[in-house]
Amino acid sequence: MANQRTILHVDMDAFFAAVEQRDNPTLRGKPVAVGGSAESRGVVAAASYEARRYGIRSAMPTAEAQQRCPQLILVAPDHTKYRRVSGQIMALLAEYTPLVEQVSVDEAFLDVTGSLRLHGSATHIGQQIRQRISQDFQLTASVGIGSNKFVAKLASEQAKPDGLLEIKLGEVAQSPCSAASCCPVGSGRGDCG
Ligand SMILES: [Mg+2]
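So for the sequence shown, numbering that gives the first Met the number 0 puts the first residue at 0; every next one is plus one.
Right under this line is the structure:
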């Protein structure tokens with residue numbers, strides 16, 4: 000397949016919560032939610048994996064999250080800090096391909112079709128990115144690999160947390176987005192699904 004493309008979806012794991020746990024050791028290993036207070040009708044912007052065990056998810060009202068987990072540690076978001084860390088991570092990703100499409104503060108699609116000869120296989124690129132994010136930022140990212148953005152995102156979702164998964168062509172039975180033209184990187188259509 001001459002027109003076969005290789006797309007990586009790099010998605011930080013529990014990004015805001017992971018940054019807070021990294022920067023404050025007393026939060027590590029504990030249920031942490033980043034978000035607004037229950038008094039101000041706030042919602043959870045990110046939950047640590049420890050908090051997710053209680054069923055706490057992004058966009059859940061903080062009041063409900065605190066009901067589910069009374070020992071939940073609520074941290075006010077520091078978006079300036081998240082944007083700074085995000086910028087550093089995006090700069091790292093840009094070392095692997097000029098075709099980086101940032102979809103949010105903590106995720107991006109990389110079209111590495113033209114980078115494979117220089118950087119090796121997509122799996123190798125993905126593992127290297129994960130390793131460097133871990134070493135340089137003490138954070139974990141999950142990477143999904145596929146022939147289009149939809150499949151790559153599906154793969155990263157299944158790889159989470161702290162994993163890598165490649166879904167090869169043919170393993171996707173009936174994806175609604177299986178055409179090679181689906182959501183090309185740079186089209187501005189972040190969410191394919
Ligand atoms: Mg994420």
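Just so you know, even glycine gets a beta-carbon here, dropped at the ideal spot from N, CA and C.
Simplified DSSP assignment, three categories, for residue i
i	result
Glu106	strand
Asp10	strand
Val43	strand
Gln3	coil
Glu170	coil
Val18	helix
Residue interval of the alpha helix (DSSP H) (run including residue i)
i	result
Leu153	148–158
Glu49	48–51
Leu164	Run containing Leu164: none in the alpha helix (DSSP H); it sits in the beta strand (DSSP E), 163–165.
Gly125	121–136
Thr61	61–67
Arg116	115–118
Beta-carbon proximity check, residue i vs residue j, cutoff 8 Å
i	j	result
Cys68	Ala50	yes
Asp22	Ser141	no
Val111	Thr5	yes
Leu7	Ile124	yes
Ala158	Gly169	no
Tyr95	Leu109	yes
Val74	Arg56	no
Ile128	Gly145	no
Ala65	Ser47	Residue 65 is actually Gln in this sequence, not Ala. For Gln65 and Ser47, no; Cβs fall outside 8 Å.
Val9	Glu106	yes
Ala37	Ala16	no
Range of the contiguous beta strand (DSSP E) that encloses residue i
i	result
Ser85	Ser85 -> not in any beta strand (DSSP E); alpha helix (DSSP H) instead, spanning 78–92.
Ala75	Segment: none, Ala75 is in no beta strand (DSSP E) and carries neither H nor E.
Ser141	140–145
Ser32	Sequence inspection shows Ala at residue 32; the Ser mentioned does not correspond to that position. Run containing Ala32: 31–34, per the beta strand (DSSP E) assignment.
Exercise. In chain order, what residues have a CB nearer than 6 Å to some heavy atom of ligand 1?
Worked result: In chain order, the hits are Asp10, Met11, Phe14, Asp105, Glu106.
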